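A short worksheet on the structure shown next.
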Amino acid sequence: MTETTQTETLGFQTEVKQLLQLMIHSLYSNKEIFLRELVSNAADAADKLRFEALTQPALLEGDNDLRVRVSFDADAHTVTIEDNGIGMSREEAIAHLGTIAKSGTGDFLRQLSGDQKKDSQLIGQFGVGFYSAFIVADQVDVYSRRAGAPAAEGVRWSSRGEGEFDIAAVEKAERGTRIVLHLKDGEHDFADGWRLRSILKKYSDHIGLPIQMPKEAAPAEGETEAPALEWETVNRASALWTRPRTEVTDAEYTEFYKHVAHDHSDPLAWSHNKVEGKLEYTSLLYVPGRAPFDLYHREAPKGLKLYVQRVFVMDQAEQFLPLYLRFIKGVVDSNDLSLNVSREILQSGPVIDSMKSALTKRSLDMLEKLSKDKPEQYATFWKEFGQVLKEGPAEDYNNREKVAGLLRFASTRGEGDAQTVSLADYLGRMAEGQDKIYYLTGESYTQVRNSPHLEVFRKKGIEVLLLTDRIDEWLMGYLTDFDGKRFVDIARGDLDLGALESEEDKQAQESAAKDKQALVERLKTALGDDVAEVRVSHRLTDSPAVLAIGEQDLGLQMRQILEASGQKVPDSKPVLEINPGHPLIAKLDAEADGERFDDLGRVLFDQAALAAGDSLKDPGAYVARLNKLLLELSA
């Protein structure tokens, strides 16, 4: 291999310099995983060549046997990883190895916690695994040629990890990429056949591509030179998902997840299934243990790795799972799709629809099993992915009930804001005569936990779900019932507890409403257009007043979300409910001075708005009225 042009020296992107410093100072506590990263990248390069060769067979250049080769030179202290995959052009080498703006390096750096073990787990997920080479090497040389390009368009990329890299054109007869690691002092023991084999067996045995190493043999008797180099495959070289479940260990499933998801933490659960009959396909699905950095970017790439008859076709086929399950990782291998399948073809069709329905059900079954068998691990899942799963009832009507059973909520029976109550738990604890599921939405757990709306429910011992995620009010617009029980927002409309109220309660309410009718009319006049209605409350036991939402009106959460996004919010007015038994209401009723009555009524209304988590339209006026009343009391 000869260099054909003068070497050009270029600087790394700023974020890459920071990343290199982390690598060089041993971000990984387990240095040997540099080999896993580089072999994984090499396998991906082979998959990409297979995919492009479907429409451009000439890219294979007459060499259809894709493989990865790992070799070493103990005297020169080097380790070499070579593949005959897609390769890189000069521009691609600069883009992929010198600047990584597209791979999320900045996001990676922002998420670093300072905990070496936790931080090391981030690197594969952010697509920057190549730089793990600098953990063990003080110089890295990369030789590459893109498939289909002439030999003269090979490229050499070289760096010592000190802020810059060299790039030059070279003659390279074979397509693909060869990476040569010049080991640091103290890391020379990696240039050892037994050690490299053991690392490959440990981390890369699941890769469905032959990983080859030179067969080690001593010279025959009478010969002074070693025999010609022979290569032997050191991994199984069979796709893990094609093997029977009984032959795959938990450790192998876990390592395969880390490869397919580019995530170094363990998965929480997996489901390996082979479907035969009208449709034939194999799926291996995983529930990750933590959320990726782009989970809430709905437009970010997502989906399963798609294989057709064990040939890689697509890296992120999003058509096989609904968007609310975008966190599920894994592979699907179909016998019923053509090798030249495209994203457009995958958009619809009976085969795709049938597979999507089955894979969705299998994913939900996997989560349900996790919730029942390993509740502590499900709590971890919920913390990481719960808000995404809440998108399910709106997106997937057919599985609405199944998704609802997986949701978790805080409640008035819980300790703190931990969302650990399932709807099945709630139904199992319902009070005698209760036929509805009661809930309350708000901006924070503290605000809803102390809401006046809960007073009558506490008095009667009725559990209420406390919903404080910003998505919750939107969710409840689609989740209208569960197991035949209707959801009721306790802050909306005129509260009716049905059989939970005695005849004596109902008669007392009617009597109080008649007794305070004159006060209700005076308050309506005082508050004018700020309220839709004033009425005597059935909800309150301790507070003087509370604001209720109209049955068809937007709640506070939805109004705030729409306003923040610049959308027009429909006009709506709250209902002021007063507690006829509260001393403040008795004093208000007895107030003869019209101006003072108006001030007291306004303060009462504003306090109810604050208790509901709303902001005041005129905070200054509220403070002035309150100060005026305080001065009167102190006079």
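Take the sequence shown: its position 84, counted from the start at 1, is 84 in the UniProt record's numbering, and no numbers get skipped.
Even for Gly, the Cβ is constructed at its ideal location relative to N, Cα and C.
Here the structure is a predicted model, which means the values were calculated and not measured.
Can you give me the Cβ contacts of residue i inside the same chain, cut-off strictly under 6 angstroms, excluding the 5 residues immediately before and after it?
i: L465; result: F409, S411 and Y439
i: G85; result: A45, A46, L49 and G176
i: E577; result: R535, S537, V546 and A548
i: R486; result: K436
i: E232; result: K215
i: K274; result: T282
i: L519; result: D589
Can you name the start and end residues of the alpha helix (DSSP H) that residue i belongs to?
i: V351; result: P350 to D373
i: Q509; result: E503 to D515
i: P288; result: Premise fails: P288 is in no alpha helix (DSSP H) and is neither H nor E.
i: E473; result: D472 to M476
i: I585; result: P583 to A590
Would you call the CB atoms of residue i and residue j closer than 9 angstroms?
i: V248; j: S283; result: no
i: K329; j: P301; result: no
i: V575; j: A532; result: yes
i: A313; j: L304; result: Per the sequence shown, residue 313 should be read as Val rather than Ala. Contact flag unset, no.
i: D599; j: R559; result: no
i: A239; j: D333; result: yes
i: A237; j: I207; result: yes
i: K369; j: P322; result: no
i: A526; j: Q607; result: no
i: G477; j: K436; result: no
i: V68; j: P210; result: yes
i: G601; j: L500; result: no
i: I179; j: V142; result: yes
i: G87; j: S144; result: yes
i: E463; j: Y426; result: yes
i: F72; j: H96; result: no
i: E164; j: F293; result: no
i: N399; j: K361; result: yes
i: V351; j: A191; result: no
For the candidate residues the options, whose alpha-carbon lies nearest to that of residue i?
i: A548; options: D542, R535, Q560 and M558; result: R535
i: A151; options: E61, S132 and V623; result: E61
i: D65; options: E174, S89, H96 and N273; result: E174
i: T9; options: G87, D166 and A74; result: D166
i: N30; options: V136, D141 and M366; result: V136
i: L407; options: G528, L475, S451 and D83; result: L475
i: V308; options: T7, Y281, E577 and G392; result: Y281
i: N450; options: A611, D336 and Y426; result: A611
i: Q6; options: V155, F34, K361 and A53; result: V155
i: E230; options: K215, T360 and E37; result: K215
i: R90; options: R243, L35, W157 and L38; result: W157
i: D417; options: Q447, L389 and G433; result: Q447
i: A431; options: T480, G461 and V421; result: G461
i: S338; options: R310, E395 and D365; result: R310
i: L181; options: D205, D138 and P267; result: D138
i: Q552; options: L519, A491 and G581; result: A491
i: Q434; options: P393, E401, G493 and S502; result: S502
i: P583; options: Q419, T541, L38 and Q557; result: T541
Helix, strand or coil: how does DSSP classify residue i here?
i: F293; result: coil
i: P452; result: helix
i: P574; result: coil
i: Y622; result: helix
i: G528; result: helix
i: P57; result: helix
i: N41; result: helix
i: T9; result: strand
i: H182; result: strand
i: H96; result: helix
i: A564; result: helix
i: E533; result: strand
i: H272; result: strand
i: V136; result: coil
i: F72; result: strand
i: M430; result: coil
i: E551; result: coil
Using C-beta distances below 8 angstroms, list every residue in its chain close to residue i, excluding the 5 sequence neighbours before and after it, in chain order.
i: S444; result: T468 and G613
i: V603; result: Y622, R625, L626 and L629
i: D205; result: N235, R236, E252 and E255
Need the endpoints of the beta strand (DSSP E) that residue i sits in, please.
i: F312; result: V311 to A317
i: Q607; result: Not the beta strand (DSSP E): Q607 falls in the alpha helix (DSSP H), residues G594 to A611.
i: I167; result: E164 to V170
i: K305; result: L304 to V308
i: G330; result: K329 to S334
In chain order, what residues of the same chain lie with their CB nearer than 7 angstroms to the CB of residue i, ignoring the 5 residues before and after it?
i: Q387; result: D469 and I471
i: L495; result: H538 and R539
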